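Peer 1: Count along the sequence shown from 1, then add 81; that gives the number in this note's numbering. This is the structure, below, for whatever I ask next.
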Amino acid sequence: MEPKFSPGPWAYDKNNKTVYLETSGQIICKVNRPNTALDDGNLIAASPELYEALKDEHKKHSQVKCPDICKICKILEKAEGFGESTS
Ligand SMILES: [Zn+2]
Numbered sequence: 082m083e084p085k086f087s088p089g090p091w092a093y094d095k096n097n098k099t100v101y102l103e104t105s106g107q108i109i110c111k112v113n114r115p116n117t118a119l120d121d122g123n124l125i126a127a128s129p130e131l132y133e134a135l136k137d138e139h140k141k142h143s144q145v146k147c148p149d150i151c152k153i154c155k156i157l158e159k160a161e162g163f164g165e166s167t168s
């Protein structure tokens, strides 16, 4: 089952401390942590593109089934909601 993320690209508005859809302006989330909001917001805003790039590059470089310890598979599973972490 494919995850249904809000479509990218996303952007971070440092004045309102929100991550939003570039196309519609709809807010994805508010970034509240003092001192790191700018960096956190930029990282969150890059998430859809990071996810797609990681998935594409991983597909190119893994010709066979990955071993259970593959970090990229674990990260992709986390992003897709199938990872071990539920919190
Ligand atoms: Zn893998």
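Note that the Cβ used here is the ideal one computed from N, Cα and C, for glycine as well. Keep in mind it's a predicted model, so treat the numbers as computed, not measured.
With respect to the alpha helix (DSSP H) encompassing Asp149, which residues constitute its N-terminal and C-terminal limits?
Peer 2: Run containing Asp149: none; DSSP gives neither H nor E here.
Peer 1: What residues are listed by DSSP as bridge partners for Trp99?
Peer 2: The question names Trp, yet the displayed sequence has Thr at residue 99. Partner(s): Asp94, Lys111.
Peer 1: Identify, in the order they occur along the chain, each residue of the same chain with its Cβ nearer than 8 Å to the Cβ of Pro88, setting aside the five sequence neighbours on each side.
Peer 2: Once the five neighbours on either side are set aside, the close Cβ partners of Pro88 are Leu102, Thr104, Pro129.
Peer 1: Output needed for Cys147: all residues of its chain with C-beta closer than 7 Å, excluding positions within five of it in sequence on either side, in chain order.
Peer 2: Same-chain partners within the cutoff: Cys154.
Peer 1: Using 8 Å as the threshold, is the region 121 to 135 in touch with the region 90 to 98, meaning 3 or more CB pairs across them?
Peer 2: Touching, yes, given that three or more Cβ pairs across the two stretches are closer than 8 Å.
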